[in-house]
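Peer 1: The following block contains the structure, expressed as structure tokens.
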Amino acid sequence: MNQIRRRLPLLSLLLASTLLAANAQQTPIQIHADLTDAPRKLFHADVDIPVHPGPLDLITPEWIPGAHGPDGPVHDITGIRFEVDGKTIPWHRDPVNTYEYHVDIPAGATTLHAHLDNIYSRATRTAATLEWEHLMLYPAHIPVREIAIQPTVTVPAHWGIGTSLKPITPYDPQHPAGGTIKYAPTTVEMLEDSPIMTGLYFHEYALAPGITPQHYMDVIGPTADSIVASPETIGQMSRLITESFAMYGPPHYTSYHFLILLQGAHGGGGLEHHESSDNTMQRDFFTGYKPSVGMAGLLPHEFTHSWNGKYRRPDGLSTPDYATPMQDNLLWVYEGLTDYLGNLMGERIGMVSADQYKQDIALTAAEMDATSGRAWRSIEDTTFDSAMPRNGGGRGSNAWSSWKRGTDYYPEGDLFWLNVDTTIRKLTNNKKSLRDFLQIFLQKGGNGVPRVEPYSLDEITADLNHVVKNDWAAFIQTRLYDVQPHVNTEGIEQAGYRLEYTPDLTPGMARELTENPSLVPWFSIGLDLGEDGTISDVGVGSIADKAGFAPGQKITAINGRVFDLDLFTETLKASKGKSTPIQLLVQDEDTLTPVTFTYSDGLRYPHLTRIPNTPDLLTEILAPSTPATKP
């Protein structure tokens, strides 16, 4: 007979006991998250807070870890009510910090009961994800690591639950029944980092058997068939764990859960946490989807963050609470290094091929080189949240976005850390690599339970110098903090390759064009446009810029024929070596204007070519460190 699996491991009990002992001076806040209304896009919470009589300031999170900005969902919190001994008491919002609430606790009261609701667009009829900032309420002006809290969660009947929280009531992930689960006490800091993913179609897969601590993949999808992971996928995810341990050293968690929601045709990204990651992937991720390098690197990226970002964190992002503004200037380490490693791991575990990876590096370098904003703005300057487009920015996201630049520290970080890796190899005759730096940088303070170990720019340069002596401070200054009109290809070249452009469509670019056909005119004349001819972006200084094109215009005709993106591509291709003007008809609001320009370079597809008689370091970098793991 099947026995109910009770997750009460000794380590979980010890951790709970440690947290309670550390917070013995206070009774934990009790928070009950009710997600049974998730199909209607509503969450509810009842919060019982230990109090003393007198004024009390309460707060919800504003500066969200991993979001690097003031993204707290205060605008979606509604239905707020405060009670003492069953009687409603008044409250008012702080006029400056609108995330803060003020109440007066009457004499004799020891517990304040709060109720709040949240309008949550991410919930569906069969699935929901709870990031705790949507429901959490706690005393203000206290470091969040010092506030004890104990969560309870109720989900619809038959829904499974994925989370890194430790249940203290019976829960069998292989036979989810829904209902109410109580979890071990923790802190506000750790609860904020312990999301809940729940759904009707749920399956939990154990990964990397024999590896301690334990790892799980909790999958939720729109149908029962969608969540069936193949042995190949289980093997790849298990290999991710062994590859990461080999590259980064021991982890800083007690267990780890990949929370995966399969939803939509294109997925939706991920958010890192200490002991889990909240990931939204294509609904057919397990049933035939062939990922790009970016999507193959998503799960490895968020997993890598457990070491780099959650455990090791820039000192400006290591704030005591979620009201203190964060400083983002080291995101080229937090995100840039993680992006490089995540994409690398996606290839090492076999989710994409080496050829795909090389094409992606070529495309990344070409896109960054064609970013017109690099003429005035450094890579480091793109890390500042308030000075960059929200939600990523990047080419085509809004008018003249290439001139503004977006979150370029991600792709530029890929190129910079490849530069670091190959430079270490070059300076040590290939006896050391980036791995030697990671084993120092990511292991400060040893392994064990989740915590934050802040770092500074000085520490980064010191750790690099510990690996191999070099003027790393100047290396970083010139490549990241100074304005660089052209993309850094030194790492590519030291790896034995060269970025070049070819008029012939490569297999890698053919795959890219299925997702983004506007790359053809972008690399040729600096024009980003949709399949209907609407212009999204214009590269400053490009042929399109000099011809007078502007975002929002629409090309309606080419050389007297009705616009078609394939026709436009063929026209640019036919221009090779010719000086015949290309004539377009452009709609700008309610007017039609003829625009003529001359172009003779044909199509330009970026790709990498081998530099003769040089070591192929890129192939060495892509080689796995560990043997394949059987599922």
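Residues in the sequence shown are numbered consecutively from 638, following the numbering used here. In this text, a Cβ means the ideal position worked out from N, Cα and C, and glycines have one as well. Note that the structure is predicted; figures quoted are calculated from it, not measured.
(1) Determine the DSSP secondary structure at Thr891, reduced to helix, strand or coil.
(2) Can you name the residues that DSSP bridges to Ser913?
(3) Round the Cβ separation of Pro785 and Pro846 to the nearest angstrom and send it over; I've been treating them as touching at under 8 Å.
(4) Looking only at C-alpha atoms, which of Trp1013, Gly723, Ser875, Tyr757 sits nearest to Arg677?
(5) Which first and last residues belong to the beta strand (DSSP E) in which Thr1230 is found?
(6) Go through its chain and collect everything with a Cβ distance to Asp685's Cβ below 6 Å, but skip five positions before and after it.
(7) Are Pro1188 and Trp1037 close, meaning C-beta to C-beta below 9 Å?
(8) Leaving aside the five residues before and after Gln1076 along the sequence, list all residues of the same chain whose C-beta is less than 8 Å from its C-beta, in chain order.
(9) Confirm, please, whether the CB-CB distance from Thr924 to Ser831 is below 9 Å.
(10) What are the residues that DSSP puts in a beta bridge with Ile701?
(11) Apart from the five residues just before and just after Gly1178, which ones in its own chain have a Cβ nearer than 7 Å to its Cβ?
(12) What is the rounded straight-line gap between the Cα of Lys1068 and the Cα of Lys1106?
(13) Using 10 angstroms around the beta-carbon of Asn1125, count the other beta-carbons present and answer buried if the total reaches 16, otherwise exposed.
(14) Assign His903 to one of two classes, buried (16 or more other C-beta atoms within 10 Å of its C-beta) or exposed (fewer than that).
(15) If you draw a straight line from the alpha carbon of Gln787 to that of Ser875, how long is it in whole angstroms?
(16) Here's the rule I'm using: 16 or more other beta-carbon atoms within 10 Å means buried, otherwise exposed. How should Ala1111 be labelled?
(17) So which of Thr1059, Arg1011, Thr1065 has the shortest CA-CA distance to Arg1042?
(18) For Pro1097 and His1103, I'd like the C-alpha separation in whole angstroms.
(19) How would you write the range of the beta strand (DSSP E) that Lys819 sits in, first residue to last?
(20) Specify, as a first and last residue, the run of the alpha helix (DSSP H) that Glu1090 falls within.
(21) Identify every residue that forms a DSSP beta bridge with Phe680.
(22) Using C-beta distances below 8 Å, list every residue in its chain close to Asp1238, excluding the 5 sequence neighbours before and after it, in chain order.
(23) Report yes if the C-beta distance between Glu912 and Tyr893 is below 9 Å; otherwise report no.
(24) At which residues does the beta strand (DSSP E) containing Ala1194 begin and terminate?
(25) Using DSSP's beta-bridge definition, name the partner residues of Gln1224.
(26) State the beta-bridge partners of Lys724 as determined by DSSP.
(27) In chain order, which beta strand (DSSP E) runs of at least 3 residues are fully inside the segment 768-852?
(28) On the DSSP letters alone, give me the boundaries of the alpha helix (DSSP H) that Gln919 sits inside.
(29) Give the DSSP-derived three-state secondary structure of Ala653 in the structure shown.
(30) Do the segment 1165-1178 and the segment 1116-1133 make contact, defined as three or more Cβ pairs closer than 8 Å?
(31) For His771, collect the residues of the same chain with a Cβ closer than 8 Å to its Cβ; drop the 5 residues on either side in sequence, then sort them by chain order.
(32) Whole angstroms is fine: what's the gap from Asn660's alpha carbon to Leu1117's?
(33) Along the chain, where does the beta strand (DSSP E) that runs through Asp741 open and close?
(34) Please tell me whether Ala1272 and Ile857 are closer than 9 Å, where the distance is taken between their beta carbons.
(35) Tell me Asn945's beta-bridge partners as DSSP assigns them.
(36) Who are the Cβ neighbours of Ala861 in its own chain at under 7 Å, not counting the five residues just before and after it?
Peer 2: Reading it off the structure:
(1) coil
(2) His894
(3) Inspection of the sequence shows that residue 785 is occupied by Ala rather than by Pro. No, Ala785 and Pro846 are not in contact; Cβ-Cβ is about 35 Å, not under 8 Å.
(4) Tyr757
(5) 1228-1234
(6) Gln667, Thr748, His750
(7) yes
(8) Tyr885, Gly886
(9) no
(10) Gly706
(11) Ser1009
(12) 14 Å
(13) buried
(14) exposed
(15) 31 Å
(16) exposed
(17) Arg1011
(18) The question names Pro, but residue 1097 in the sequence shown is Ile. Computed Cα separation, rounded: 10 Å.
(19) 816-819
(20) From DSSP, Glu1090 is part of no alpha helix (DSSP H) but of the beta strand (DSSP E) over 1090-1092.
(21) Asn755
(22) Ser1161, Ser1212, Lys1213
(23) yes
(24) 1191-1195
(25) Lys1191, Leu1229
(26) Val721
(27) 785-792, 797-799, 816-819, 833-836, 838-844
(28) Neither: Gln919 is in no alpha helix (DSSP H) and is coded neither H nor E.
(29) Low per-residue confidence applies at Ala653: pLDDT is 41, beneath 50, and the placement is therefore not dependable, though the value from the model is reported in the following sentence. In the structure shown, Ala653 sits in a helix (DSSP, three-state: H, G or I).
(30) no
(31) Phe680, Pro710, Asp713, Ile714, Asn755, Tyr757
(32) Legend: pLDDT at Asn660 = 41, less than 50; position of this residue unreliable, no value from coordinates given.
(33) 737-742
(34) Absent from the model: residue 1272. The displayed extent of the chain is 638 to 1268, so no value can be given.
(35) Arg949
(36) Tyr838
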